[in-house]
Amino acid sequence: MVRAILLCSLLPLALPRPVAAEWHFVPMVGVTFGKVTNFLDSAGGTQERDRHFGITVSRLGEGILGFEGGVVWTPGFFQGTDPVRRDLVETSRAISALGNVMLTTPRLWTEYSLRPFISGGVGLLHVLAEDSAAVFPVDANLWGVNVGGGAIGFLSERTGVRFEMRYFSTLGRKELPGMTLDGNAAHLRYLTASIGVVIRR
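Going by the numbering used here, the sequence shown opens with residue 2, and the numbers climb by one from there.
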């Protein structure tokens, strides 16, 4: 009886422990492109590609479901390179802050390879453009949606890489008198391609 009790007590120690959910902290850089909007664009910046910076924090478990929150900052969003018009906008930016649901493959399937994922959610999109004469300022906060996908791969136990492509769009229509080219409700959409370093905890 004593031997049986000891065996039952030690058995859980011999079994593999379930892997807990893990946190990923991902600083990212990339390119913002494919901009479409009716916001005032005096410098032609929406025709350009811009560098962006971001950070994502995600929580993934063994299964297919995860969650993440992220911020992407694109400086110079409305600033163009046309020598005639580029000085019309002194400073500009677009910032997204969104929370997403993630769907991915089970961790067991991709333990030693890339782990693909798709994600999407809602949040806020902020745009700002200040022209040199302060005549046509753009400064707006809008509800937005995003959807994207990519893959995560680890180089060591704690560090890896993540790459993704993502689509952003305003949600609904908001009237912003004086900020749009056509006088209609504001809309904005764009794409990002990003790569980042994953720090796993």
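C-beta: ideal position from N, C-alpha, C; glycine also.
Among the options, the one whose alpha carbon lies nearest that of residue i
i	options	result
Gly35	Glu49, Phe26 and Ala152	Glu49
Val85	Ile119, Ser43 and Gly70	Ser43
Thr181	Phe79, Glu158 and Thr38	Thr38
Ala141	Ser120, Gly179, Val58 and Thr82	Gly179
Ser170	His188, Phe164 and Ser157	His188
Ala152	Asp132, Leu172, Gly122 and Arg108	Arg108
Asp88	Gly46, Pro28 and Arg174	Gly46
Val27	Phe155, Ser114 and Thr92	Phe155
Thr82	Arg174, Asp51, Gly173 and Ile56	Asp51
Rounded separation between residue i and residue j - CA only
i	j	result
Thr111	Ile65	12 Å
Glu176	Gly100	25 Å
Leu1	Leu126	Outside the modelled stretch of the chain, which goes from 2 to 202, sits residue 1, for which no answer is possible.
Pro138	Ala130	6 Å
Trp24	Asp183	45 Å
Val199	Val73	16 Å
Ala186	Gly124	19 Å
Leu61	Gly67	5 Å
Phe40	Gly149	24 Å
Ser195	Gly145	19 Å
Glu63	Thr105	10 Å
Met29	Val90	26 Å
Val102	Ala22	15 Å
Pro117	Ser133	45 Å
Thr57	Thr33	16 Å
Where residue i falls: helix, strand or coil (DSSP)
i	result
Arg60	strand
Thr193	strand
Gly151	strand
Thr82	coil
Gly46	helix
Arg87	helix
Asp183	coil
Arg202	coil
Ile96	strand
Pro76	strand
Leu41	coil
His53	strand
Sequence-distant residues of its chain with Cβ nearer than 7 Å to residue i (five each side left out)
i	result
Ala98	Val72, Gly124 and Leu125
Gly173	Trp144
Gly55	Met29, Gly71, Val72, Val73, Trp74 and Ser195
Spatial neighbours of residue i in its chain, beta-carbon cut-off 8 Å, leaving aside the 5 residues before and after
i	result
Ser160	A small correction: the amino acid at residue 160 is Thr; Ser does not occupy that position in the sequence shown. Excluding residues within five positions, the ones whose Cβ falls inside 8 Å are Val198, Val199, Ile200 and Arg201.
Leu11	With a pLDDT of only 42 at Leu11, under 50, the local geometry of the prediction cannot be trusted, and the value read off the model is given with reservation. For Leu11, where only same-chain residues beyond five positions count, there are no Cβ hits under 8 Å.
6 Å Cβ shell around residue i - same chain, five flanking residues per side excluded
i	result
Ala95	Thr75, Phe78 and Val128
Tyr168	Val148 and Leu192
Phe164	Gly151 and Ile196
Just list the beta strand (DSSP E) runs in the region 100–147, keeping only unbroken ones of 3 residues or longer that don't cross its boundaries, in chain order. Fully enclosed beta strand (DSSP E) runs of 3 or longer: 116–132.
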